[in-house]
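Numbering (full-length UniProt numbering), first residue to last: 1 to 410. Report on the following structure.
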């Protein structure tokens, strides 16, 4: 150790590739002389070298935390030395934050944030935005690449994690939150599922909302549905609107109907429609009457989801179906009837005519207006599917000059 300062790469005189190579050889010799595997476990933090045991010390020279690129034009540089040492010693990766580094040391693994240009370790700054490049040179290279290909400006490499967690019992709640905030969504979801179930909601409520929404999307639908009641309404609404409609539908289908209706009611109409369309028809038929404006939801399904909207009219009660078909605009009602089979259209029109909660004459007139807004050929087939006397009454409710009346009397 007495000769260490003569080839210290942090000293001002260490400017040659030869001295850097000698430094690494000396480090490797010291590591080889250590006794057990535990003693040989060396950590490479974001600030430089570090050794768990008080075996290796640097008595002279400024600390490696201040290590910068030694000679910009030289073949060997500080970041290359770090990467070579990682490869030789077998260190997993490089930590991205002091807190996570401490946690990773307890878990026996390390995490890494890689430079977007060269893949080397990125040294975090104490203030400001987190750095994404390890040096000015890499930043300039990335800038030139973006100018050549603007699509690369939106690339985000994110955090690469190599945390292997076997026992979480020793972690505090704050450490778990910090870990879930750093690692990718799929790994974070696996980690969350390995926690005791009573901690899930407590941990999720401490995460930042964007991170929480991303984590919920990675969870199985059954588990996400179980966690939603413990989260705030704004968070759940954000999850439903940000997730794929099919994913949101799977989650809602595992909730109680009243809970699912409450969550759907908190979304905007343009967000509610695709979720309702993705729900199983039986469940959608249960939820639709519980919404504040079910007729608006059905109307918004025309024209892109007309068949789904017409199918929903046969998965609700007869009274709700009559209310929906008579409260939407006539052209919307005609489009919904056109999307049905002739027999179904005849059945629904008969229900409108048979309704007794309003004046029968008014409802017959409404049925006649709906018939006029249908495709004439489809309307005639619907009339033929009715009993003759009922079809005659409905036909008399149409306009005398309507195309339906002329075609039906041929």
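Ideal Cβ placement from N, Cα and C applies to all residues, glycine included. Model, not experiment: these values are computed from the prediction.
Just mark residue i as buried or exposed, buried being the case when its beta carbon has 16 or more other beta carbons within 10 Å.
| i | result |
| --- | --- |
| residue 274 | buried |
| residue 299 | buried |
| residue 319 | exposed |
| residue 182 | buried |
| residue 311 | buried |
| residue 406 | exposed |
| residue 292 | exposed |
| residue 269 | exposed |
| residue 391 | buried |
| residue 172 | exposed |
| residue 128 | exposed |
| residue 125 | exposed |
| residue 387 | exposed |
| residue 193 | exposed |
| residue 234 | exposed |
| residue 370 | buried |
| residue 250 | buried |
| residue 284 | buried |
| residue 121 | buried |
| residue 261 | buried |
| residue 65 | Here the model assigns residue 65 a pLDDT of 37, short of 50, so the residue's position is not dependable, and the following value carries that caveat. The residue is exposed, with fewer than 16 neighbouring Cβ atoms inside 10 Å. |
| residue 294 | buried |
Give me the residue from the options with the minimum Cα distance to residue i.
| i | options | result |
| --- | --- | --- |
| residue 132 | 247, 116, 301 and 147 | 116 |
| residue 232 | 135, 397 and 208 | 208 |
| residue 410 | 397, 280 and 376 | 376 |
| residue 205 | 229, 220, 218 and 194 | 229 |
| residue 334 | 309, 396 and 251 | 309 |
| residue 213 | 344, 366, 341 and 248 | 248 |
| residue 277 | 383, 305 and 242 | 305 |
| residue 241 | 271, 262 and 251 | 271 |
| residue 135 | 261, 295, 374 and 123 | 123 |
| residue 281 | 217, 317 and 374 | 317 |
| residue 236 | 290, 383 and 264 | 264 |
| residue 200 | 223, 252 and 217 | 223 |
| residue 303 | 294, 284, 332 and 344 | 332 |
| residue 343 | 322, 262 and 385 | 385 |
| residue 239 | 258, 255, 259 and 215 | 215 |
| residue 338 | 193, 374, 399 and 217 | 374 |
| residue 210 | 202, 225, 255 and 180 | 180 |
| residue 174 | 197, 203 and 189 | 203 |
| residue 290 | 379, 324 and 341 | 324 |
| residue 227 | 255, 245 and 397 | 255 |
| residue 352 | 326, 372, 336 and 404 | 326 |
| residue 258 | 141, 288 and 244 | 288 |
| residue 366 | 378, 380, 350 and 381 | 350 |
| residue 187 | 389, 354 and 217 | 217 |
| residue 414 | 363, 398 and 364 | Since the first residue shown for the chain is 1 and the last is 410, residue 414 is missing from the structure and cannot be characterised. |
Helix, strand or coil, according to DSSP, for residue i in the structure here?
| i | result |
| --- | --- |
| residue 388 | helix |
| residue 131 | coil |
| residue 294 | helix |
| residue 303 | coil |
| residue 404 | helix |
| residue 121 | strand |
| residue 279 | coil |
| residue 231 | coil |
| residue 329 | coil |
| residue 196 | coil |
| residue 314 | coil |
| residue 341 | coil |
| residue 141 | helix |
| residue 374 | coil |
| residue 191 | helix |
| residue 240 | helix |
| residue 270 | helix |
| residue 256 | coil |
| residue 136 | helix |
| residue 178 | helix |
| residue 207 | coil |
| residue 308 | helix |
| residue 172 | coil |
| residue 346 | helix |
| residue 354 | helix |
| residue 246 | helix |
| residue 381 | helix |
| residue 369 | helix |
Check the DSSP bridge columns for residue i and list the partner residues they point to.
| i | result |
| --- | --- |
| residue 220 | None; residue 220 has no bridge partner. |
Residue i CB to nearest chain C CB: under 9 Å?
| i | result |
| --- | --- |
| residue 376 | Absent from the structure: chain C. Only one protein chain is present. |
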